[in-house]
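Residue numbers (our numbering): 1498 to 1817. Every residue gets a Cβ at the ideal spot worked out from N, C-alpha and C, and that includes glycine. Only a predicted model underlies this, so the values are computations on that prediction, with no experimental measurement involved. Here's the structure, in structure tokens; my notes come after.
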Ligand SMILES: [Zn+2]
């Protein structure tokens, strides 16, 4: 069982004649149990609404999570992950639960089912200009705060579900490859006609999201076969950057071990947890992408450690 607390709310007040958001921030206490669950927070007060008399506007957060307590891995939705499983804030005038509106962190949902429900309370109205954006921002910030609070729990791996980010066409193509009889044949060539049994693997079929590893965890290279048609390329590094929406360090393992000095440009290295560089089984879900220098990437005799970077891209169904 893991416990955290994270903030929800906005310090910026909002007021129109029928709605006031007071600008308060509340701490949400969350405890996670083994298995798949939907978390529901206790209620908190967001402000005051005047739709059926003057009533407190109540907020309540829900999100789905999956917690593997034996391996200490928790999975939640990313802030942009367009799923009803993601962070959702219900808002309702006090005592009017059947009027609850549902706002998701990501752009998703069906307004008729989730907002225009009871008819009395909804903030998608010219009477409350700008209110949808403010409420959306509160939900998004709450999810970011949840992920960062989980990242502070010692020894916990935080897996964040994401959809494949938009990639330049040349990057997308560079990450596509073809397998034949369970083995990688070559990089996908769009001008070529492949056999009926050949299988096309796109980044959509392997990308699962991102993961924040615990501090100072050991990892090692995935050993590619000599005919590996997918050397660690700029495309993998670009996939990492696009997923994280930022540049990474030149090398995640900077200064470790002490006798290895980082050299060469960064690549998106294929790595696994642990201290032994190894080949991985076909279809493995253990492969991750992390920025490392070419020096570390080419050195299989030693392992690395998360000195500069804890976020990795999660790949499933890895094929060698
Ligand atoms: Zn390095």
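By DSSP, does residue i sit in helix, in strand, or in coil?
i	result
residue 1562	strand
residue 1808	strand
residue 1778	coil
residue 1685	coil
residue 1629	helix
From this set, the options, which residue's C-alpha is nearest residue i's C-alpha?
i	options	result
residue 1704	1586, 1794, 1737 and 1651	1737
residue 1696	1708, 1680 and 1771	1680
residue 1555	1719, 1710, 1589 and 1533	1589
residue 1652	1694, 1709, 1784 and 1626	1709
residue 1810	1668, 1690 and 1656	1656
residue 1626	1512, 1755, 1786 and 1774	1512
residue 1780	1817, 1663 and 1803	1817
residue 1600	1633, 1654 and 1787	1633
Report the CB separation of residue i from residue j in whole angstroms; it is logged as a contact under 8 Å.
i	j	result
residue 1747	residue 1732	Not a contact, Cβ separation roughly 18 Å.
residue 1504	residue 1642	5 Å
residue 1813	residue 1768	In fact, because the Cβ distance is near 15 Å, the residues do not count as touching under 8 Å.
residue 1617	residue 1553	15 Å between Cβ atoms; not a contact.
Just the C-alpha distance for residue i and residue j, rounded to the nearest angstrom, thanks.
i	j	result
residue 1815	residue 1682	14 Å
residue 1753	residue 1801	6 Å
residue 1607	residue 1798	53 Å
residue 1539	residue 1570	24 Å
residue 1791	residue 1759	8 Å
residue 1506	residue 1796	47 Å
residue 1631	residue 1578	19 Å
residue 1684	residue 1771	29 Å
residue 1586	residue 1636	6 Å
residue 1566	residue 1530	8 Å
residue 1593	residue 1615	9 Å
residue 1669	residue 1765	15 Å
Buried or exposed: residue i, going by 16 or more other Cβ atoms within 10 Å of its Cβ?
i	result
residue 1595	exposed
residue 1776	exposed
residue 1558	buried
residue 1621	exposed
residue 1518	buried
Kindly say whether residue i, judged by its beta-carbon, lies nearer than 8 Å to any beta-carbon of chain B.
i	result
residue 1513	Looking for chain B here will not work: only one protein chain is present.
Would you check whether ligand 2 has a heavy atom nearer than 7 Å to the C-beta of residue i?
i	result
residue 1789	Among the ligands present in this structure, namely ligand 1, ligand 2 is not found.
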